Amino acid sequence: MRYISTRGQAPPVSFLDAVLAGMAPDGGLYVPESWPKLETKLATSHYATAPSRLIDLLSGDEVDCDEGGSVPLTNEAYIAVPCGPDDKSWRPKWPEAVTPLRQIGPGQWSLELFHGPSLSFKDVAMQLIGPLYDYALERRGRRSTVVCATSGDTGGAAVEALKNRERIDLFVLTPKGRVSDVQRRFMTTSGASNVSAIEVDGDFDACQAIVKALFADADFATRAALSAVNSINWARIVAQSAYFHTSAQILAAGGPVSFVVPTGNFGDAYSGWVAKRMCAPINRIVLATNENDILARALTGGRYERGASRATLSPAMDIQVASNFERIVFEAVGRDADLVRALYANLAQTGGFDIPMQALAWLRETFDAVAVTDAQTLGEMRSAWTYEGETLCPHTAVGRAARVAGGGAPRVFLATAHPAKFPDTVERATGVRPELPIKCADLFQRSEKFDSLPADAEAVKQYIRERSRAWN
Ligand SMILES: *Cc1c(COP(=O)(O)O)cnc(C)c1O
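Each residue of the sequence shown is one higher than the one before, counting from 1 in the UniProt record's numbering.
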């Protein structure tokens, strides 16, 4: 299986090269040259079967999930982990089911994606990225420096997935004072020598600009063997599409299943489309955005246009340009890479582009979109607590509030983070402060380690040069 760029000007690469590279050199995103069909019934097997089967199909012969080091890599991600370097016994990886489905009403389910080590849905994909990176780097006989700019949940999930990995050094950049205490502690308390948490004296855009500058310095990027595990990473999409496949199969007796997805970078929602494209019984996909509503405006009005970024109660979705949207635009215009390149040149130059009519009609056949205000989010959290006794994280609440947008039954609402990750907002909505689950109840007793740097790419380069084992 080969991977091509949505902008059509980069040579095709293999699955593992697409995963390690992140973005294509022409500025586009990698997508498979053709879409295989997944026809196996997965729902009765262990969860690990789904990602394993998907990797088989989407990597061609390149990755063998049943081989991969001492233990099959999907087993390492979803079943059990060794207790320690000198301890040969195993402990279960996910104390609960990986992605439990819970009925919340007639024809309605909540797909709980927050049972991983850092309590957000990003764990589900990141836990697979860890062993997959090891597998890829081992085969290539090299190391990698992974950088990650995060305003929220990606950092903690990356730390949990990549800590203590032999071939990886991880550098997480967060904006000083802009992440919640719980989120920060998931990044700063790993105790792992290959993880560096860096607090940047600037905002999230400054952190992202630094990461871009690191990649733009070709000499630095090569010598550090730089890689990013951000939401455009192909392996994250593959891993996320697994839970769409399994839950759709489980519920499909009632007809094709619709999903309501709290959306920021369009990663999770695109993963749902990938599952549908590979024949999962999926009907509609509802995009629920917060007040950063570029996707809702695009689907309604046909123009994809950057707006002013707003800080909301669902910070992991405070995104103006949804990076993965480029992948669906590519499909919507019939895989015309020249057209995608022209549209994205417009976005760069003028801040937006008009979605061609036919493409818009194509998108509307699958996607609905609705924007939800902070007031509606709080209202949803309050009524879930009052009437159901359920605490929702604010992102999950955005999805629940979007139920007006249609989709029909059976319908699945993605629950993307544990409420205890956003205790202040939950307390504001319900009057009750949520407790951390037992597996991380000691989070506030663990000791923190992080360094502070100015918002300056040169300072960050120097810092990485001194610490990365990949440097040569
Ligand atoms: C990242 C995140 C989202 C948005 O997911 P995308 O794939 O970027 O659309 C939603 N909710 C939570 C809790 C997140 O961490």
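By construction, the Cβ of each residue, glycine as well, lies at the ideal position given by its N, Cα and C atoms. Quantities reported herein were computed from a predicted structural model and do not represent experimental measurements.
| When DSSP labels each residue in this structure, what does G155 get in the three-state scheme? | helix
| query | Do the CB positions of A288 and G399 come within less than 8 Å of each other? | reply | Contact flag set, yes.
| said: In the DSSP output, what is E112 paired with across the bridge? | reply: A415
| task | Express the C-alpha separation of D451 and G255 in angstroms, rounding to a whole number. | result | 52 Å
| message | Using only CA atoms, which one of R167, D86, D268, H115 lies nearest to P131? | response | R167
| In angstroms, rounded to a whole number, what distance separates the CA positions of D86 and N164? | 14 Å
| Cβ-heavy atom distance between M1 and ligand 1 below 7 Å? | no
| So what's Y344 in DSSP terms, helix, strand or just coil? | It is helical.
| said: Please state the DSSP three-state secondary structure of W189. | reply: At residue 189 the sequence reads Thr, which differs from the Trp that was named. Coil, per DSSP.
| query | Where does the unbroken alpha helix (DSSP H) through N75 begin, and where does it stop? | reply | Run containing N75: 73-78, per the alpha helix (DSSP H) assignment.
| Beta bridge counterpart(s) of L29 as assigned by DSSP | By DSSP's assignment, L29 forms a beta bridge with M23.
| message | Ignoring anything shorter than 4 residues, give me the alpha helix (DSSP H) runs that lie fully in the stretch 250-287, in order along the chain. | response | 267-277
| query | Exposed or buried, H395, counting other C-beta atoms within 10 Å across all chains shown (16 or more means buried)? | reply | H395 comes out buried.
| Option nearest Q320 by Cα separation, candidates D205, T74, A97 | D205
| P95 in three-state terms, based on DSSP | coil
| query | Does the distance from the C-beta atom of V172 to that of A192 stay below 8 Å? | reply | The beta carbons of V172 and A192 sit no closer together than 8 Å.
| request: May I have a chain-ordered list of the alpha helix (DSSP H) segments no shorter than 4 residues that lie completely inside the stretch 418-447? | output: 423-430
| Could you give the residue range of the beta strand (DSSP E) that holds P175? | 168-175
| task | Could you tell me how far apart the beta carbons of L214 and V460 are, in whole angstroms, since I believe they sit closer than 8 Å? | result | 7 Å
| Cβ of E33 within 8 Å of Cβ of Y3? | yes
| message | Could you check whether the stretch 148-157 touches the stretch 111-126, counting it as contact only if at least three pairs of C-beta atoms, one from each stretch, sit closer than 8 Å? | response | When Cβ pairs closer than 8 Å are counted between the two stretches, the stretch 148-157 is seen to touch the stretch 111-126, the count reaching three or more.
| Identity of the residue in T425, A345, M357 nearest L378 by Cα | T425
| message | Could you compute how far the alpha carbon of G27 sits from the alpha carbon of A221? | response | 16 Å
| message | Measuring straight from C-alpha to C-alpha, what distance separates H115 and Q183? | response | Roughly 15 Å separates the two Cα atoms.
| Would you call the CB atoms of S241 and A269 closer than 8 Å? | no
| Taking all protein chains shown into account, do 16 or more other C-beta atoms lie within 10 angstroms of the C-beta of Y387, making it buried, or fewer, making it exposed? | It is exposed - the Cβ of Y387 has fewer than 16 other Cβ atoms within 10 Å.
| task | State whether the stretch 320-334 contacts the stretch 291-306, with contact taken as three or more CB pairs (one from each stretch) at a distance under 8 Å. | result | The stretch 320-334 is in contact with the stretch 291-306.
| So what does DSSP say about G68, is it helix, strand or coil? | Low per-residue confidence applies at G68: pLDDT is 48, beneath 50, and the placement is therefore not dependable enough to give any value.
| task | Have a look at E331 and L170 and give me their C-alpha separation to the nearest angstrom. | result | 33 Å
| task | May I ask you to report which of helix, strand or coil DSSP gives W385? | result | Three-state DSSP puts W385 in a helix.
| task | Mind reading off the beta-carbon distance from S5 to Y30? Whole number of angstroms is fine, and I expect it under 8 Å. | result | 6 Å
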